[in-house]
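In the UniProt record's numbering, the protein residues as written are 1 to 538. Please read the structure below before turning to the comments.
Pasting the structure below:
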């Protein structure tokens, strides 16, 4: 129904603004504003579809009658409510309410399992996201000087710094460089959480916020495009050396987030939103299929131990293959309509040659690590295959992935036909038109050659690449220098108390005591002064 409303709003150019006055005292009004247009309604419908399928999937995956499943369901519903508050809000203050709520609930979902690994992953997720939340809080404080928190800005010359703070907040939420380390660590959460939170909703919240601010982001975006492209490259290289199934899918999500950010800063806001919705569908399907593999293999996430699961799990394997080829941009699937449109608009624009090269290399690497994932998880012959014999037993989970398969197949073409009607005509030469296909074919050839390389040769670069280009080490040294500075100059932290409220109160108390002592000891002087004043008055 929300999709129908979204299409009707798009065709009629209709928007609805609802303002609710919570408190009104004299000249002070505390209002909550909800803004409904075709973008917000479409994103809400995508979130609702994925959330309903994840809850249906979790009823079998997490268990139905246990106390922990009730706690899990409550946290998921709280997360969905926070996302709804963030999506429909054109007000930066109420947007912060949904932004912080989704971050806090996702922190609780990451350490859902009682283990040290989950606690550390949750703490890393919380701390990195809090860095970006500081920028959003400062922006809210800045806007309070204008008398309104709505997306209306008055002093244009000061808006640049506020936009920078909002971009930093979006980068932390969408895990762009240098804030990328939290997304693979967050895979310690249950697989339904990864499908809902870390593939289609929370990580795309930063992209959605920048889409709302797109009209204000009309300045030099070259360095932001470079950062997004480097995020695509880094995540693709890390996925080539990773053997954890969920982390590979998380790095794939990170690569697609880099694609969305780069296309947004390149000026393609509608195409970015189009790819955001289609990516949410097939990536949630990919996570749910991975969860079924992990569920039947006794919580083993190593792709080298999965073996030929296509023989034992044909239904799940078919859905897994559909989601993977959709990720690669297979023609006439959902991913093709959004990615091919972005690639053609990149090619038709006056793009920097370095950006152009990074973009096409990242496309080739996407195909490379996808074929590697398919080979290891479905066709790689393991020696202990007799230990992993099982039957595919699915009750509720098969219905959830079936609905997502239909959406992953049909949603892209339907949304493209209905929403991309005003797209400009794209004129490309024959060679440029075939360049995308050639890069996909080269990715297939490179993947076949990559699988033949001696694994010991690849291990020489394993630590540097899987450590996300030494990003953890950089963060460690930055925090180490910060702590050293604090401990060396810790007396500076007391200046606010010495010369602030405490020092002022001490000064006033001491001056009051001195004056009181002066008047008590000089009572005679006061009496003589009073008599002199009295005689003068007479």
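Heads up, the beta-carbon is just placed ideally off N, CA and C, and yes, glycines get one too.
Residues sharing a beta bridge with residue i, DSSP
i	result
residue 31	21
residue 302	244
residue 16	36
Distance, residue j Cα to residue i Cα
i	j	result
residue 512	residue 504	12 Å
residue 334	residue 46	14 Å
residue 101	residue 441	44 Å
residue 14	residue 40	12 Å
residue 321	residue 144	50 Å
residue 285	residue 98	25 Å
residue 542	residue 138	Residue 542 lies beyond the stretch modelled for the chain, which goes from 1 to 538, so this question has no answer here.
residue 457	residue 247	Interpretation of residue 457 is limited by its pLDDT of 49, a score under 50 that renders its predicted location unreliable; the figure taken from the coordinates is listed afterwards. Rounded to whole angstroms, residue 457 to residue 247 spans 22 Å at the Cα level.
residue 72	residue 105	10 Å
residue 161	residue 81	31 Å
residue 224	residue 55	36 Å
residue 85	residue 206	14 Å
residue 186	residue 301	15 Å
residue 375	residue 169	37 Å
residue 128	residue 62	28 Å
residue 268	residue 313	40 Å
residue 117	residue 241	21 Å
residue 31	residue 212	20 Å
residue 74	residue 93	25 Å
residue 408	residue 199	14 Å
residue 189	residue 345	37 Å
residue 398	residue 249	20 Å
residue 251	residue 173	15 Å
residue 20	residue 114	41 Å
residue 536	residue 510	35 Å
residue 415	residue 24	42 Å
residue 357	residue 348	14 Å
residue 96	residue 276	21 Å
residue 528	residue 534	10 Å
residue 298	residue 201	28 Å
residue 184	residue 29	43 Å
residue 361	residue 438	11 Å
residue 433	residue 91	42 Å
residue 406	residue 280	13 Å
Cβ-Cβ distance between residue i and residue j below 9 Å
i	j	result
residue 254	residue 210	no
residue 89	residue 34	yes
residue 316	residue 282	no
residue 203	residue 175	yes
residue 404	residue 167	no
residue 44	residue 419	no
residue 192	residue 288	yes
residue 232	residue 259	yes
residue 373	residue 303	yes
residue 124	residue 181	yes
residue 338	residue 266	no
residue 324	residue 370	yes
residue 306	residue 245	yes
residue 359	residue 230	no
residue 342	residue 410	no
residue 58	residue 76	yes
residue 291	residue 195	yes
residue 239	residue 428	no
residue 412	residue 293	no
Boundaries of the alpha helix (DSSP H) in which residue i is found, first to last residue
i	result
residue 117	116–144
residue 113	Premise fails: residue 113 is in no alpha helix (DSSP H) and is neither H nor E.
residue 51	38–61
residue 282	269–296
residue 426	Per DSSP, residue 426 belongs to no alpha helix (DSSP H) and is neither H nor E.
residue 411	397–419
residue 314	314–327
residue 184	182–185
Closer than 9 Å to chain D by CB, residue i
i	result
residue 318	The chain labelled as chain D is not found in the depicted structure, where only one protein chain is given.
Quick one: complete alpha helix (DSSP H) runs, 4+ long, within the segment 188–244? 191–196, 205–212, 222–240
In chain order, what are the residue ranges of uninterrupted alpha helix (DSSP H) at least 4 long that sit wholly in the segment 344–371? none
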